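This note's numbering puts the sequence shown at residues 10 to 212.
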Amino acid sequence: MILDLLKRKKKNNNIKTSANLFLNIKDVQGNFLYTIDNKVLCYLRIYPKNCKLMSKEEQVAHGRSITRNFASELKPLKLYFTNRPIDLRKNQDFQASLMEKEKEALKFSLLDKRSRSFGVLSTTGKALESEIYLMIWAENDEYVEQELVKRINEIRMKLTNSGYKTEVLDERLIIQLINSYNNPDIAYIEDQNYLESPLQVKI
Numbered sequence: 010m011i012l013d014l015l016k017r018k019k020k021n022n023n024i025k026t027s028a029n030l031f032l033n034i035k036d037v038q039g040n041f042l043y044t045i046d047n048k049v050l051c052y053l054r055i056y057p058k059n060c061k062l063m064s065k066e067e068q069v070a071h072g073r074s075i076t077r078n079f080a081s082e083l084k085p086l087k088l089y090f091t092n093r094p095i096d097l098r099k100n101q102d103f104q105a106s107l108m109e110k111e112k113e114a115l116k117f118s119l120l121d122k123r124s125r126s127f128g129v130l131s132t133t134g135k136a137l138e139s140e141i142y143l144m145i146w147a148e149n150d151e152y153v154e155q156e157l158v159k160r161i162n163e164i165r166m167k168l169t170n171s172g173y174k175t176e177v178l179d180e181r182l183i184i185q186l187i188n189s190y191n192n193p194d195i196a197y198i199e200d201q202n203y204l205e206s207p208l209q210v211k212i
């Protein structure tokens, strides 16, 4: 009896699940991600600002500004914070080209120190960039896209009024975000065209 239960458990563990089913992704089109459980998601990237450079009074005023602008936001939303690796090869190649042309010893020394610092960041895995994403969603119905676009634009305005730069993710950027979520230790190429190899949907 116990052996039969163990065999059944082992058989169930061997059932393969597709990546799309595991991630609950049905399709990505335009500014929207459609899920298998009949929801539509929309993403907004928020470019961070360094509040540590502000005085205490400025930080308090900034916090009050955000609170005031979002006081009327009653629907649920999610924030996704991540630190993604940055590919520094282009920067290192550029520094090397500057060093080849530089004849002054002092400037060459400074360029060499900068190049070495890039090398240290690359080898220690500390070449990271903070990214913030805001996600909203709704049940998939006839007017869901229009409602999400209206709401995401309202949120953008509130963040703009609070001093933040934002960007609504399009199809390419949504797929890029999915890839970065699945491969957090891989630095993606800035100008990579993710639509050349679109997301394969298997249900």
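We put the CB at the ideal spot given by N, CA and C, even for glycine. None of these values were measured; they are calculated from a predicted model.
- Item | Reduced DSSP category for residue 205 - H, G, I as helix; E, B as strand; rest coil | Note that residue 205 has pLDDT 47, beneath the 50 cutoff, so the model's placement of it is unreliable and the number below is only indicative. Residue 205: helix per DSSP, three-state reduction.
- Is residue 18 helix, strand or coil when you go by DSSP? Residue confidence for residue 18 is low, a pLDDT of 48 falling below 50, so the modelled location carries little weight and cannot support an answer.
- Determine the contact status of residue 165 and residue 53, defining contact as a CB-CB distance below 9 Å. yes
- Query: So, using beta-carbon positions, are residue 37 and residue 148 closer together than 9 Å?
  - Reply: no
- Should residue 57 be labelled buried (16 or more other beta-carbon atoms within 10 Å of its own) or exposed? exposed
- Message: Closest to residue 175 by C-alpha separation, out of 187, 160, 141, would be which residue?
- Response: 141
- Task: Determine the DSSP secondary structure at residue 33, reduced to helix, strand or coil.
- Result: coil
- According to DSSP, is residue 127 helix, strand or coil? helix
- Item | Nearest candidate by alpha-carbon position, reference residue 168, set 153, 45, 46, 72 | 72
- Query: From 139, 111, 75, 158, pick the residue whose C-alpha is nearest to that of residue 145; which is it?
  - Reply: 158
- Item | Candidates 155, 112, 127, 108, of which the one nearest residue 120 by Cα | 108
- Item | Candidates 122, 88, 85, 64: closest to residue 101 by CA position | 122
- Expressed to the nearest angstrom, what Euclidean distance is found between the alpha-carbon atoms of residue 186 and residue 91? 10 Å
- Message: Under 9 Å, Cβ to Cβ, is there at least one residue of chain D near residue 190?
- Response: Going by chain labels, chain D is absent from the structure shown, which holds only one protein chain.
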